[in-house]
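Take a look at the structure below.
Chains as they are written, first to last, in this note's numbering: chain A, 5 to 282; chain B, 5 to 282.
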């Protein structure tokens with residue numbers, strides 16, 4: 005059932021969150037490229053610090069494929085003015101994604117508005133927000149990748165928590181919207197195989213890391229591939245069976261472990277594990 | 005959509021986990037009863053410490069309704085011998101539940117066996133384990149309450165993570181098996197209303213607490229009702245619409261807050277919040 009073993013690093017991407025405690029965006033581009041990694045996913049705050057033109061130049065000079073810009077989203081808010089501000093900010097995010105040639109804009113859709121207990125209402129706001137930016141994204145040729153987040157983030161980060169919800173949104177919205185599948189968020193889902201198959205060509209990105217036992221922090225204790233309990237090759241096999249043939253993007257938030265290591269060691273570990281446990 | 009406000013404490017139950025850092029089982033029985041709470045849910049380790057006969061006597065003397073015995077479960081294991089040991093232990097748990105007149109035996113079904121990444125396999129072991137104890141439970145007249153746990157516990161506590169999965173298991177197993185609905189575990193589920201309706205008379209218990217933002221610990225940072233983001237009256241309304249008219253059981257694991265308070269204050273806070281936010 006599992007996918008065939010990976011034999012080289014040609015489709016390995018690293019999300020700069022993985023080394024963000026150690027490297028700036030410019031350092032990460034140079035560092036990854038030096039170590040033979042040709043895919044990168046970029047965060048907007050790091051892009052702003054580097055400067056968009058300088059980043060685009062560095063990415064091109066090092067032959068990097070930008071597998072995503074992180075991130076849009078956070079649509080729900082208590083007031084119409086705040087929701088409009090989120091929409092306006094998305095148009096800028098789409099322009100930034102185009103400027104650096106990103107393959108998609110990754111969307112962490114947002115959780116409950118402050119003071120709200122209405123998760124169904126928040127989910128409606130996500131649909132409204134996506135609808136409001138979709139035409140602009142289509143015109144710009146920038147695919148929007150909804151990333152379902154683990155249910156433990158439903159309150160404060162994303163109220164889209166399963167592949168089924170993301171697929172339902174794609175059904176509603178039509179072309180221009182797809183899905184970022186992150187094994188950390190979806191590995192537990194009993195409907196995962198079916199919903200990955202349903203997603204098919206909507207799959208715009210595939211993110212990897214591992215679920216540690218125990219997990220000591222809800223946000224910043226993700227594991228390196230192989231150190232946890234996720235059967236990554238099995239999920240990769242499902243994603244490939246659905247037609248996905250893009251990069252595999254490592255995204256590890258790890259305050260106590262990987263963010264404290266030499267970033268070269270982190271990247272080399274990603275490379276090793278990529279060929280053995282992904 | 006929400007349920008009618010609660011007007012008295014006649015259906016309030018407290019799970020002894022809520023005061024386990026402060027009170028033994030005997031103290032909890034006396035403490036809850038003194039403060040006018042007539043429902044209690046009991047843990048097996050506390051029951052063993054107290055002695056089964058003494059506990060049964062105290063519960064009866066104080067007119068307590070035992071809304072559950074916590075807990076059975078933990079079916080998956082690496083070896084057949086370990087899985088059989090879990091089954092054997094369940095037969096004892098069922099006998100204990102009968103001895104104290106519990107309304108159900110609550111099952112936390114277990115996660116991945118040590119060293120395993122096969123969550124589908126773990127789920128099969130859960131079905132096998134339930135099948136193995138069901139006849140005994142039926143003969144004893146003790147309902148088994150499968151408790152779907154939040155997906156953040158899929159690896160180490162329960163690989164049944166949604167109401168849909170619990171309903172599917174009940175469909176497979178037939179009479180004698182039902183569901184314990186805990187708002188903490190299921191509040192995020194986009195299919196919750198539908199799956200509660202589907203559960204109908206299978207609902208054997210209804211557990212309440214709250215999801216805090218931020219949540220600082222995956223296990224021991226549950227909130228008092230009203231301090232978090234769960235719309236409890238709405239979920240209670242769905243459970244009642246499905247036909248449930250039993251107790252509402254407060255279960256709060258809270259190492260840094262409620263386990264450090266005077267247990268009388270904890271119980272009184274449960275009583276106050278019960279009439280205002282549940």
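Just so you know, even glycine gets a beta-carbon here, dropped at the ideal spot from N, CA and C. The structure presented is a predicted model; accordingly, all values stated were derived computationally and were not measured.
How many angstroms separate the CA atom of residue i from the CA atom of residue j?
i             : j             : result
residue 35/A  : residue 67/A  : 13 angstroms
residue 102/B : residue 267/B : 28 angstroms
residue 84/B  : residue 229/A : 29 angstroms
residue 58/A  : residue 99/A  : 15 angstroms
residue 233/A : residue 160/B : 10 angstroms
residue 212/B : residue 243/B : 12 angstroms
residue 97/A  : residue 282/B : 41 angstroms
residue 132/B : residue 245/A : 30 angstroms
residue 87/A  : residue 128/A : 12 angstroms
residue 104/A : residue 216/A : 33 angstroms
residue 77/A  : residue 146/A : 15 angstroms
residue 205/A : residue 248/A : 7 angstroms
residue 20/B  : residue 73/B  : 10 angstroms
residue 180/A : residue 158/A : 24 angstroms
residue 168/A : residue 198/A : 9 angstroms
residue 82/B  : residue 120/B : 8 angstroms
residue 91/B  : residue 227/A : 33 angstroms
residue 125/B : residue 71/B  : 31 angstroms
residue 93/A  : residue 278/B : 42 angstroms
residue 276/A : residue 7/A   : 17 angstroms
residue 218/B : residue 195/A : 28 angstroms
residue 139/A : residue 200/B : 38 angstroms
residue 142/A : residue 162/A : 23 angstroms
residue 24/A  : residue 39/A  : 17 angstroms
residue 203/A : residue 273/A : 31 angstroms
residue 16/B  : residue 106/B : 15 angstroms
residue 75/B  : residue 80/A  : 39 angstroms
residue 280/A : residue 51/B  : 48 angstroms
residue 144/A : residue 136/A : 14 angstroms
residue 261/A : residue 89/A  : 36 angstroms
residue 69/A  : residue 47/A  : 14 angstroms
residue 26/B  : residue 175/B : 40 angstroms
residue 220/B : residue 220/A : 9 angstroms
For a quick check, are the C-beta atoms of residue i and residue j less than 8 angstroms apart?
i             : j             : result
residue 250/B : residue 209/B : yes
residue 134/A : residue 109/A : no
residue 193/A : residue 166/A : yes
residue 170/B : residue 224/B : no
residue 214/A : residue 235/A : no
residue 43/B  : residue 18/B  : yes
residue 22/A  : residue 239/A : no
residue 271/B : residue 41/B  : yes
residue 28/B  : residue 53/B  : yes
residue 95/B  : residue 149/B : no
residue 130/A : residue 164/A : yes
residue 45/A  : residue 253/A : yes
residue 222/B : residue 222/A : yes
residue 287/B : residue 241/B : Outside the displayed span of chain B (5 to 282) sits residue 287/B, for which this structure offers no information.
What are the boundary residues of the beta strand (DSSP E) that includes residue i?
i             : result
residue 210/B : 207-212
residue 69/B  : 69-77
residue 154/A : Taken as a continuous stretch (DSSP letters only), residue 154/A belongs to no beta strand (DSSP E), as it is neither H nor E.
Hey, quick one: how far does the alpha helix (DSSP H) through residue i stretch, first residue to last?
i             : result
residue 125/B : 123-144
residue 58/A  : 56-65
residue 43/A  : No alpha helix (DSSP H) contains residue 43/A, which is instead part of the beta strand (DSSP E) from 43-47.
residue 17/B  : Segment 16-19 is the beta strand (DSSP E) holding residue 17/B; no alpha helix (DSSP H) there.
residue 109/B : Here residue 109/B belongs to no alpha helix (DSSP H); instead the beta strand (DSSP E) covers 109-112.
residue 1/B   : Residue numbering for chain B in the displayed model covers 5 to 282; residue 1/B lies beyond these limits and cannot be assessed.
residue 270/B : 267-280
residue 196/A : 196-203
residue 29/A  : 29-38
Please confirm if residue i has its CB atom under 8 angstroms from at least one CB of chain C.
i             : result
residue 175/A : Given the protein chain composition of this structure (A and B), no chain C is represented.
Counting Cβ pairs closer than 8 angstroms, one from the segment 116-126 of chain A and one from the segment 138-154 of chain A, do we hit at least three? no
Evaluate the contact criterion for the segment 257-272 of chain A versus the segment 12-19 of chain B: three or more CB pairs, one atom per stretch, below 8 angstroms. no
Going residue by residue through the segment 165-191 of chain B, where are the continuous beta strand (DSSP E) segments of at least 3 residues, counting only ones entirely within it? 181-186
Is the segment 60-75 of chain B touching the segment 23-40 of chain B in the sense that three or more CB pairs, one from each, lie closer than 8 angstroms? yes
Inside the segment 212-262 of chain B only - alpha helix (DSSP H) runs reaching at least 4 residues: 236-245
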